[in-house]
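Asks:
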Amino acid sequence: MPFTISALNDKTGFTGEPHSRFERAPSATSILLAIGIVYGDLGTSPLYTLQTIVHLMGGGFTPEAALGSLSLIVWALIITISIKYCLFVMRADNHGEGGILALMALTGARWSGRGRWLIALGLFGAALIYGDGIITPAISVLSAVEGLNVATDAFRPYTMPIAVAILVGLFAFQRHGTATVGKAFGPVMLLWFVTMAVLGISAVARHPDVLRALNPVHGFLLLTTHGLLGFTLLGGVFLALTGGEALYADMGHVGRRPIRLAWYGIVLPALVLNYAGQVGNFIASPDPSANPFFKLAPVWAIYPLVALATLATIIASQAIITGSFSMTRQAMQLGWFPGVRINQTSAEEYGQIYVPFVNWTMMCLTVALTISFGSSDRLAGAYGAAVSTTMVLTTALLYQVMRRTWQWSAVQAAAIASVLLTVDLAFFLANLFKIEQGGWIPLLFGALVFGIMTTWHFGLDALHRRSMARSEHVDAFYADLRDQHIVRVPGTAIFLTRLGHRIPPIIVDYVRQAHSLHQTTIALTASFEGVPRIRPTDRIRCEQLCEGLWHITVHFGFVEIPDLPTVLANAKEVGVPVHNNATYYVERHDPVSRPRRNPFARFQIALFAFMSRNSAHAIDRFRIPRGSLVEIGSRMEI
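If you count the sequence shown from 1, position 385 lands on 374 in the working numbering, and the numbers rise without skipping.
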């Protein structure tokens, strides 16, 4: 009879293990951590946002237009960041974890069910974050280095090469991990925000009339009196919001309350003061060719300010790089991305990982964009299209969470979501004007990543169906063992499989070829659930299928490291029949297309086969000892 060593919390899923940091009360240290990890991208937006708006308006950037631009920036920060993300989106935590994939999981939708469109929204939003990730480092570092041009023209021919050198160094350093330098992120960013606030206050004190822009009427007049130009300006205003997704994505690392306190108490005031100072300074002495941010500083402070800005932009770039690493691991473990090699760079911090394939791909694309566009104002034309699309998708998923998880009425959910979606769609439509200027680049890259995700999932589903068709019922398999007098040899064999309650093809084929079977044979399934972490009591489920044959399912959360030998070694204490000298067997499929497939399906299968052949080995994914793995190859038509 089968028995269960640990029952699931319920028949549909897992309660999961709460994130201790998420439950912890905020402290000065956690707030400083939030400033360093979360607010790099938002905090460096003043380097290029107003400069982009000035270039968009050209000679029409009058004092009234400047006040209107400032009004739009301030109210965009309040509505999108202070209200949407801090109050509503961050409430939608998946056991303390955030990010659009976690939000997608909260909707409860399944790819095979009616909610497929919700899964598609979440996946495309996640894919677009990669598109944002190749632009953020380029525009941030370029805008910081260009500050040298305010002091002297001597560096003008070298700003792009300097930016490229910094970016190459940043990506090259990733393999060493960021545990050490990460401790300095918080103090550096705190100094950055204090500096921005001081620069802004000094300018506002000289030009106090600029505070009239806090009245939203100025922003409304700018939008309604300048025709199409007023609407396209929203594409420049939106640059002040880039990085807003990081508040939600990094919630599991820092916690909700520290992020909120850092925003309301430090980041938002510093940003508003700095933008107000830039506008006041510009109204007093217009200079469209100069960077409004660096014009706030006295000449003697330019070089120290450029150095501090460069450090801040490196931190902002680091956040998007590590965020891409984390999202890759989540997507991979949820079955939406091919297996890639992941290195843990810190024994203490789970989030400190390095994904070589993602790192070098992002570096090549980021450097190519930096060289191609050459300046931050040109690159601003390509920035924002991907992020604005992700924000629209986030609001759509949030509505489903309001209805399904929070049990809000349709009227309540629609009232909130419609207001947020109106703002999101306005920015999204304004950013569509950037497509011709380069906005198509992150959208195309995101679409390619989305295609890879769906193709990989399609291939896995097809392989699973074929494996089910080739599997055998337990009773029939056990009868064949007796009737054919199959020899049971000493030892323990662990066969990795996705199937449960039936004998997988890898075991059936092994017996057919070897005419023997180990005395202890285990069909092992590594299952990744829709929660970030699994409670220890729910980690393993073990069933005895017949004499000497077991099926074990090891459950992992989507942010956990799947270390099978360690989990199984710990499970011996509760009776799981695993020995130290066990041999692991894994099937390596060579998928081929069945006859009469349409051309698109043939292309999908060919792409899946290519990814399957080049995906990470089970040794790397599951920490299996190299001397204990046997790989069995098979060709399978799908």
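From the three backbone atoms N, C-alpha and C, an ideal C-beta is built for every residue, glycine too. Since the model is a prediction, treat every value here as computed from it, not as a measurement.
Quick check on P(-9): buried or exposed, where buried means 16 or more other Cβ atoms within 10 Å of its Cβ?
Replies: Within the sequence shown, numbered from 1, the residue matching residue -9 stands at position 2. Per-residue confidence for P(-9) stands at a pLDDT of 34, beneath the threshold of 50, marking its modelled position as unreliable; the derived number appears in the next sentence. P(-9) comes out exposed.
Asks: Which parts of the stretch 140 to 177 are runs of the alpha helix (DSSP H), unbroken and 4 residues or longer, counting only runs that do not cross its ends?
Replies: 148 to 162 and 168 to 171
Asks: Please report the residue range of the alpha helix (DSSP H) in which I124 lies.
Replies: Looking up residue 124 in the sequence shown gives position 135. Start and end: R105 to V134.
Asks: Name the DSSP bridge partner or partners of I483?
Replies: Reading the sequence shown from its first residue, position 494 is the one you call residue 483. According to DSSP, I483 bridges with I511 and Y573.
Asks: Quick check on the burial criterion: 16 or more other C-beta atoms within 10 angstroms. Buried or exposed for G47?
Replies: Here residue 47 refers to the residue found at position 58 when the sequence shown is read from its first residue. The residue is exposed, with fewer than 16 neighbouring Cβ atoms inside 10 Å.
Asks: According to DSSP, is P525 part of a helix, a strand, or is it coil?
Replies: For the purposes of this step, residue 525 is taken as residue 536 along the sequence shown, with counting starting at 1. Three-state DSSP puts P525 in a helix.
Asks: Write down the C-beta distance between L61 and L211 rounded to the nearest angstrom, noting that I regard them as a contact closer than 8 Å.
Replies: Numbered from its first residue, the sequence shown carries residue 61 at position 72. Numbered from its first residue, the sequence shown carries residue 211 at position 222. Sure, about 7 Å apart at Cβ, within 8 Å.
Asks: How is N280 classed by DSSP in three states: helix, strand or coil?
Replies: Residue mapping note: residue 280 aligns to position 291 of the sequence shown, counting from 1. Correct three-state label for N280: coil.
Asks: Considering Cα atoms alone, identify which of G480, L36, V243 and E532 is closest to H490.
Replies: In the sequence shown, residue 490 corresponds to position 501, counting from 1. Residue E532 is the option with its Cα nearest to H490.
Asks: Assuming the contact rule is C-beta atoms closer than 8 Å, I511 and F484 should be a hit. Round their C-beta distance to whole Å, please.
Replies: For the purposes of this step, residue 511 is taken as residue 522 along the sequence shown, with counting starting at 1. For the purposes of this step, residue 484 is taken as residue 495 along the sequence shown, with counting starting at 1. Contact flag correct, Cβ pair sits at about 7 Å.
Asks: Quick one: residues in its chain with C-beta nearer than 7 Å to the C-beta of Y74, no 5 flanking neighbours on either side, listed in chain order?
Replies: Against the sequence shown, residue 74 aligns to sequence position 85. Here Y74 has G233, L236 and Y237 as same chain residues with Cβ atoms under 7 Å from its own Cβ, once five neighbours each way along the sequence are excluded.
Asks: Taking the C-alpha atoms as reference points, what is the distance between I303 and G435?
Replies: In the sequence shown, residue 303 corresponds to position 314, counting from 1. In the sequence shown, residue 435 corresponds to position 446, counting from 1. Straight-line Cα distance between these residues: approximately 23 Å.
Asks: For the alpha helix (DSSP H) holding R246, just list the boundary residues, first then last.
Replies: Start at 1 with the first residue of the sequence shown, and residue 246 comes out as number 257. Counting along the chain, the alpha helix (DSSP H) containing R246 begins and ends at R245 to A251.
Asks: Is there contact between the stretch 437 to 449 and the stretch 593 to 613, where contact requires at least three CB pairs shorter than 8 Å?
Replies: yes
Asks: Could you tell me the alpha carbon to alpha carbon distance between W429 and A375, rounded to whole angstroms?
Replies: In the sequence shown, residue 429 corresponds to position 440, counting from 1. In the sequence shown, residue 375 corresponds to position 386, counting from 1. Straight-line Cα distance between these residues: approximately 9 Å.
Asks: By DSSP, does I541 sit in helix, in strand, or in coil?
Replies: Translated into positions along the sequence shown, residue 541 becomes position 552. In this structure, I541 counts as strand in the three-state DSSP scheme.
Asks: Which one or two residues does DSSP pair with F517 in a beta bridge?
Replies: By one-based count along the sequence shown, residue 517 stands at place 528. The partner list for F517 (beta bridge, DSSP) reads F545.
Asks: Output needed for V147: all residues of its chain with C-beta closer than 6 Å, excluding positions within five of it in sequence on either side, in chain order.
Replies: Sequence index remark: in the sequence shown, residue 147 carries index 158 (1-based). One detail in the question is off: residue 147 reads as Tyr in this sequence, not Val. Taken in chain order, the list of residues that qualify is empty.
Asks: Kindly confirm or deny that the stretch 271 to 285 and the stretch 207 to 223 touch, where touching means at least three C-beta pairs closer than 8 Å.
Replies: no
Asks: Round the Cβ separation of P126 and S306 to the nearest angstrom and send it over; I've been treating them as touching at under 8 Å.
Replies: In the sequence shown, residue 126 corresponds to position 137, counting from 1. In the sequence shown, residue 306 corresponds to position 317, counting from 1. Going by Cβ atoms, the distance from P126 to S306 rounds to 4 Å, so yes, they are a contact pair.
Asks: Below 8 Å between beta carbons: does that hold for L90 and A115?
Replies: Position 101 of the sequence shown, counting from 1, holds the residue named residue 90. Position 126 of the sequence shown, counting from 1, holds the residue named residue 115. Their beta carbons are under 8 Å apart, which means L90 touches A115 by this criterion.
Asks: Which residue's Cα is closest to the Cα of L368: Q401, V400, G427 and R393?
Replies: The residue you call residue 368 lines up with position 379 of the sequence shown. Among Q401, V400, G427 and R393, the Cα nearest to that of L368 is on G427.
Asks: Closest to G328 by CA distance: which of F611, G219, C353 and L262 is it?
Replies: By 1-based counting over the sequence shown, the position of residue 328 is 339. Out of F611, G219, C353 and L262, F611 has the C-alpha closest to the C-alpha of G328.
Asks: Would you kindly check if the distance between the Cβ of F597 and the Cβ of Q322 is under 8 Å?
Replies: Here residue 322 is taken as the residue at index 333 of the sequence shown, counted from 1. Here residue 597 is taken as the residue at index 608 of the sequence shown, counted from 1. Against a cut-off of 8 Å, the Cβ pair of F597 and Q322 comes out as no contact.
Asks: In the DSSP assignment, the beta strand (DSSP E) including S623 goes from what residue to what residue?
Replies: Within the sequence shown, the letter at position 634 stands for residue 623. Element bounds for S623: L618 to E626.
Asks: Cα separation between T359 and V153?
Replies: Along the sequence shown, one-based indexing puts residue 359 at 370. Along the sequence shown, one-based indexing puts residue 153 at 164. Computed Cα separation, rounded: 7 Å.
Asks: In whole angstroms, what is the alpha-carbon distance linking V295 and A192?
Replies: As a first step, residue 295 is located in the sequence shown; it is residue number 306 there, counting from the start. As a first step, residue 192 is located in the sequence shown; it is residue number 203 there, counting from the start. The straight-line gap from Cα to Cα measures roughly 19 Å.
Asks: With H, G and I counted as helix, E and B as strand and the rest as coil, what does DSSP make of E425?
Replies: Position 436 of the sequence shown, counted from the first residue, corresponds to residue 425. In the structure shown, E425 sits in a helix (DSSP, three-state: H, G or I).
Asks: Please state if the CB of A607 and the CB of V567 are separated by a distance shorter than 8 Å.
Replies: On the sequence shown, position 578 is the one that residue 567 refers to. On the sequence shown, position 618 is the one that residue 607 refers to. Taking 8 Å as the Cβ cut-off, V567 and A607 do not qualify as a contacting pair.
Asks: Return the bridge partner residues of L506 from the DSSP annotation.
Replies: Position 517 of the sequence shown, counted from the start, is the residue given in the question as residue 506. For L506, which the question treats as bridged, DSSP gives the partners R477.
Asks: To the nearest angstrom, report how far apart W100 and Q389 are at their CA atoms.
Replies: For the purposes of this step, residue 100 is taken as the residue at position 111 of the sequence shown. For the purposes of this step, residue 389 is taken as the residue at position 400 of the sequence shown. Approximately 16 Å, taken between the alpha carbons.
Asks: Taking just the CA atoms, how far does F227 sit from K423?
Replies: Residue 423 sits at position 434 when you count from the first residue of the sequence shown. Residue 227 sits at position 238 when you count from the first residue of the sequence shown. Cα-Cα distance, rounded: 12 Å.
Asks: By the 10 Å Cβ neighbour count, where 16 or more other Cβ atoms means buried, how is S407 classified, buried or exposed?
Replies: Walking along the sequence shown from the start, residue 407 turns up at place 418. It is exposed - the Cβ of S407 has fewer than 16 other Cβ atoms within 10 Å.
Asks: Hey, quick one: how far does the alpha helix (DSSP H) through D469 stretch, first residue to last?
Replies: Sequence index remark: in the sequence shown, residue 469 carries index 480 (1-based). Residues V463 to D472.
Asks: Leaving out five residues before and five after G694 in sequence, what residues of the same chain have Cβ atoms less than 8 Å from its Cβ?
Replies: Because the chain is modelled from -10 through 627, residue 694 falls outside the range shown and cannot be assessed.
Asks: Just to confirm before moving on: does the CB-CB distance between R318 and I291 stay below 8 Å?
Replies: Your numbering for residue 318 matches position 329 in the sequence shown. Your numbering for residue 291 matches position 302 in the sequence shown. Taking 8 Å as the cut-off, the beta carbon of R318 is found no closer than this to the beta carbon of I291.
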